[in-house]
Amino acid sequence: MNIQLLECVPNFSEGRNSEIIQSIVNEVENTPGVTLLNVDPGKATNRTVVTFVGDPESVIEGAFKLIKKASELINMEQHQGEHPRMGATDVCPLIPISNISMDEAIKYSKKLAEKVSKELSIPTYLYEHSAQKGYRKNLADIREGEYEGLKNKMIDPKWKPDFGLIDFNRIKKTGATVIGARDFLIAYNINLNTTSTRRANAIAFDIREKGRIARKGNSLTGEILKDKNGNTIWKPGTLKHVKAIGWFIEEYGITQISMNLTNIEKTPIHIVFDEVCHKASKRGIRVTGSELVGLIPLKSMLDAGKYFLKKQKRSIGISEKEIIKIARKTMGLDEIQPFNPNEKIIEYRIKETPNLLCNLSLTSFLQETASESPAPGGGSISAYIGGLGAALATMVANLSAHKRGWDEKWEEFSMLAEKGQEYISELEKLVDKDTEAFNAIISAFRLKSTTKEEEDLKQAEIQNATLNAIEIPLQVMKISLESMDLIETLVKKGNPNSISDVGVAALCARTAVIGAYLNVVINSKDYTDIKDRNRLLTIAKNIQEKAIKKEEKIIKLTMTGINNSS
Numbered sequence: 267m268n269i270q271l272l273e274c275v276p277n278f279s280e281g282r283n284s285e286i287i288q289s290i291v292n293e294v295e296n297t298p299g300v301t302l303l304n305v306d307p308g309k310a311t312n313r314t315v316v317t318f319v320g321d322p323e324s325v326i327e328g329a330f331k332l333i334k335k336a337s338e339l340i341n342m343e344q345h346q347g348e349h350p351r352m353g354a355t356d357v358c359p360l361i362p363i364s365n366i367s368m369d370e371a372i373k374y375s376k377k378l379a380e381k382v383s384k385e386l387s388i389p390t391y392l393y394e395h396s397a398q399k400g401y402r403k404n405l406a407d408i409r410e411g412e413y414e415g416l417k418n419k420m421i422d423p424k425w426k427p428d429f430g431l432i433d434f435n436r437i438k439k440t441g442a443t444v445i446g447a448r449d450f451l452i453a454y455n456i457n458l459n460t461t462s463t464r465r466a467n468a469i470a471f472d473i474r475e476k477g478r479i480a481r482k483g484n485s486l487t488g489e490i491l492k493d494k495n496g497n498t499i500w501k502p503g504t505l506k507h508v509k510a511i512g513w514f515i516e517e518y519g520i521t522q523i524s525m526n527l528t529n530i531e532k533t534p535i536h537i538v539f540d541e542v543c544h545k546a547s548k549r550g551i552r553v554t555g556s557e558l559v560g561l562i563p564l565k566s567m568l569d570a571g572k573y574f575l576k577k578q579k580r581s582i583g584i585s586e587k588e589i590i591k592i593a594r595k596t597m598g599l600d601e602i603q604p605f606n607p608n609e610k611i612i613e614y615r616i617k618e619t620p621n622l623l624c625n626l627s628l629t630s631f632l633q634e635t636a637s638e639s640p641a642p643g644g645g646s647i648s649a650y651i652g653g654l655g656a657a658l659a660t661m662v663a664n665l666s667a668h669k670r671g672w673d674e675k676w677e678e679f680s681m682l683a684e685k686g687q688e689y690i691s692e693l694e695k696l697v698d699k700d701t702e703a704f705n706a707i708i709s710a711f712r713l714k715s716t717t718k719e720e721e722d723l724k725q726a727e728i729q730n731a732t733l734n735a736i737e738i739p740l741q742v743m744k745i746s747l748e749s750m751d752l753i754e755t756l757v758k759k760g761n762p763n764s765i766s767d768v769g770v771a772a773l774c775a776r777t778a779v780i781g782a783y784l785n786v787v788i789n790s791k792d793y794t795d796i797k798d799r800n801r802l803l804t805i806a807k808n809i810q811e812k813a814i815k816k817e818e819k820i821i822k823l824t825m826t827g828i829n830n831s832s
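Numbers in the working numbering are just positions in the sequence shown, counted from 1, shifted up by 266.
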């Protein structure tokens with residue numbers, strides 16, 4: 267199951283006292299399930315911005331602990347700083363990153379806001395997508411008047427907090443906090459081969475949503491157009507959800523289009539890059555590269571890589587690493603400084619690197635299997651063999667997509683290769699999951715059983731672990747059988763020069779199914795739920811029979827193709 271990731275970017279009103287800052291940040295660092303990504307204190311603003319990410323429940327816990335500690339250590343009656351603020355923790359946005367919807371993020375923001383008001387007696391306002399009233403969507407509107415105006419603001423019915431107290435005397439130390447779910451924001455700069463800020467600004471005005479002031483005649487010197495109420499008319503740019511300006515960077519000796527992309531689902535980074543290239547070219551200017559300021563979700567990089575591959579009519583059924591490389595190279599993300607995916611992609615920043623079997627070299631994997639340890643055993647090997655079969659099929663799909671004279675077929679084979687990559691990814695995970703399932707059974711049998719309660723718990727754990735050890739190889743069987751449909755398609759339609767590779771892929775898939783079936787059967791012997799055991803064995807037996815028949819059919823087609831080749 268894919269893990270949900272939620273990002274939190276709380277801003278608290280202390281940027282000068284390092285001890286206080288660290289004490290507050292420690293609350294996040296000591297919260298299980300979250301990863302601290304960045305701490306950015308500002309002395310002039312007297313404000314610190316913290317960024318962390320994790321599963322939603324852990325993020326809410328970390329955010330609550332941070333807000334609590336900030337309320338204990340920061341006294342808003344004494345606070346001075348250049349940045350607008352209204353509370354010890356001024357604003358706490360939640361941003362959905364992966365496998366979580368905006369609606370879910372909104373629910374979590376309301377949960378946090380209510381918890382803060384109830385348990386800490388801090389009034390909270392909801393903003394952005396969480397706003398319950400349209401006029402509260404904009405943070406600047408809620409924060410107008412800042413801390414100094416909060417006493418009068420809270421008693422105005424229009425600005426009563428969404429949750430919590432309206433008695434300023436009881437909250438004058440902490441102030442109020444604004445909480446809400448918002449879209450992920452990417453700070454993105456595109457580099458130009460010019461030193462002209464005016465020309466860079468012209469391109470920025472071409473593409474940004476706000477656009478430029480509408481004029482009669484000459485776009486620079488013409489009369490400014492007004493509406494019937496005397497308001498200046500603006501001519502929108504070509505890209506929604508983009509804020510942009512041109513500037514000269516002394517350090518680099520170039521100009522950039524500096525942008526905030528405020529909704530990367532509707533206006534993704536690759537579309538922005540292409541549009542800037544187009545508008546720059548019309549003005550005789552070249553884009554030489556770009557830079558990401560901060561982090562980017564994995565999906566954005568993968569979408570970009572696939573977009574550029576499709577423009578080349580190249581298969582997108584390649585590894586995640588290669589897709590990211592295409593995006594990095596196309597957008598010139600290395601021009602100013604090296605782009606390290608492990609540091610710039612959010613999911614990679616938080617990825618743990620345990621001692622996975624799939625991270626071993628081929629030689630190490632062979633020797634680990636050959637050792638006297640009972641794991642990895644036949645289940646993990648079956649999953650790996652299934653992955654090899656899917657990999658061979660994917661290779662043939664990619665070769666077919668790029669075969670000379672088959673240009674009109676590239677998209678069909680690209681889709682097949684992409685499906686093959688899904689099988690590879692799933693089976694790769696099952697290599698380690700099978701070994702983990704075996705280890706869980708061993709751990710369950712080692713539980714103490716000196717009392718009846720302990721014995722009952724032990725038996726329950728044994729049965730749960732045994733069921734999991736049946737379901738894992740059953741998944742291997744299902745995925746490997748499904749991959750045989752892909753293999754059959756390729757033996758019929760794929761590059762005939764690679765037909766023997768397709769045959770080997772079928773043999774691998776069949777072996778994976780039968781090997782996993784043996785594990786289902788042997789592990790089911792210790793499963794005491796007879797009805798469920800029989801159900802699982804029936805499913806497994808049917809899959810095995812289908813795989814054997816499918817392999818026979820594919821091998822016949824393979825041999826026919828080999829014999830008929832000139």
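Backbone N, C-alpha and C fix where the C-beta goes; we use that ideal spot for every residue, glycine too.
Remember, predicted model here, so these are calculated numbers, not experimental data.
Answer yes or no: the CB of residue i versus the heavy atoms of the ligand FAD, is any distance below 7 angstroms?
{"i": "K439", "result": "Looking at this structure, you won't find the ligand FAD or any other ligand, since it has none at all."}
So what does DSSP say about residue i, is it helix, strand or coil?
{"i": "I408", "result": "helix"}
{"i": "T463", "result": "helix"}
{"i": "D433", "result": "coil"}
{"i": "S364", "result": "strand"}
{"i": "D356", "result": "strand"}
{"i": "F450", "result": "coil"}
{"i": "D369", "result": "helix"}
{"i": "F605", "result": "coil"}
{"i": "N296", "result": "coil"}
{"i": "N283", "result": "coil"}
{"i": "V382", "result": "helix"}
{"i": "L599", "result": "coil"}
{"i": "T717", "result": "coil"}
{"i": "Y391", "result": "strand"}
{"i": "L302", "result": "strand"}
{"i": "Q288", "result": "helix"}
{"i": "T794", "result": "coil"}
Based on the DSSP secondary-structure assignment, which residues constitute the bridge partners of residue i?
{"i": "N457", "result": "Q522, G555"}
{"i": "I611", "result": "I562"}
{"i": "P307", "result": "T314"}
{"i": "C274", "result": "F318, L360"}
{"i": "G833", "result": "One cannot answer for residue 833 here, as it falls past the ends of the chain, which runs 267 to 832."}
Please report the Cβ distance between residue i and residue j, rounded to the nearest whole angstrom; I am assuming they are in contact, meaning their Cβ atoms lie under 8 angstroms.
{"i": "I833", "j": "A379", "result": "Beyond the ends of the chain as shown, which are 267 and 832, falls residue 833; an answer cannot be given."}
{"i": "I363", "j": "I612", "result": "6 angstroms"}
{"i": "Y454", "j": "S556", "result": "7 angstroms"}
{"i": "A570", "j": "I523", "result": "Not really, about 17 angstroms apart at Cβ, beyond 8 angstroms."}
{"i": "G441", "j": "Y413", "result": "5 angstroms"}
{"i": "V300", "j": "V291", "result": "The pair is not a contact, with the Cβ atoms about 12 angstroms apart (cut-off 8 angstroms)."}
{"i": "T463", "j": "F429", "result": "Going by Cβ atoms, the distance from T463 to F429 rounds to 46 angstroms, so no, they are not a contact pair."}
{"i": "A475", "j": "K506", "result": "Before going on, a small fix: residue 475 reads as Glu here, not Ala. Rounded, the Cβ-Cβ distance is 5 angstroms, consistent with contact."}
{"i": "K545", "j": "I456", "result": "Incorrect: roughly 10 angstroms between the Cβ atoms, too far for contact."}
{"i": "E634", "j": "L623", "result": "7 angstroms"}
{"i": "L747", "j": "A657", "result": "At roughly 17 angstroms, the Cβ-Cβ gap does not stay under 8 angstroms, so L747 and A657 are not in contact."}
{"i": "L568", "j": "I589", "result": "5 angstroms"}
{"i": "F450", "j": "P563", "result": "6 angstroms"}
Excluding the 5 residues preceding and the 5 following residue i in the sequence, name in chain order all residues of the same chain whose CB lies nearer than 7 angstroms to its CB.
{"i": "T311", "result": "G281, G347, E348, H349"}
{"i": "P739", "result": "G645, S648, D700, A782, N785, V786"}
{"i": "K439", "result": "N341, M342, E343"}
{"i": "V662", "result": "L756, G760, N761, S764, D767, V768"}
{"i": "L696", "result": "A649, I738, Q741, V742"}
{"i": "I372", "result": "H395, S396, A447"}
{"i": "Y573", "result": "H536"}
{"i": "R594", "result": "D600, F605"}
{"i": "K492", "result": "T498, I499"}
Might you give, ordered along the chain, the residues of its own chain that have their beta carbon closer than 6 angstroms to the beta carbon of residue i, omitting 5 neighbours on each side?
{"i": "C774", "result": "I651, L654, G655"}
{"i": "A706", "result": "A731"}
{"i": "V315", "result": "N277, D306"}
{"i": "S666", "result": "F679, G760, N761"}
Quick one: what's got a C-beta closer than 8 angstroms to residue i's C-beta in the same chain, skipping five residues either side?
{"i": "F842", "result": "The chain is shown only over 267 to 832; residue 842 falls outside these bounds and no answer can be derived."}
{"i": "I256", "result": "Past the boundaries of the shown model lies residue 256; the chain is included only from 267 to 832, so the question cannot be answered."}
{"i": "E837", "result": "Given that the chain is displayed from residue 267 to residue 832, the structure contains no residue 837 and the question cannot be resolved."}
{"i": "T824", "result": "V757, I765, S766, V768, G769, A772"}
Complete alpha helix (DSSP H) runs within the segment 472 to 553 (minimum length 4 residues, chain order): 535 to 548
Uninterrupted alpha helix (DSSP H) stretches inside the segment 672 to 713 (no shorter than 4 residues): 676 to 711
Enumerated in chain order, which unbroken segments of the alpha helix (DSSP H) with a length of 4 residues or greater are wholly contained in the segment 730 to 792? Here the runs fully enclosed are 765 to 790.
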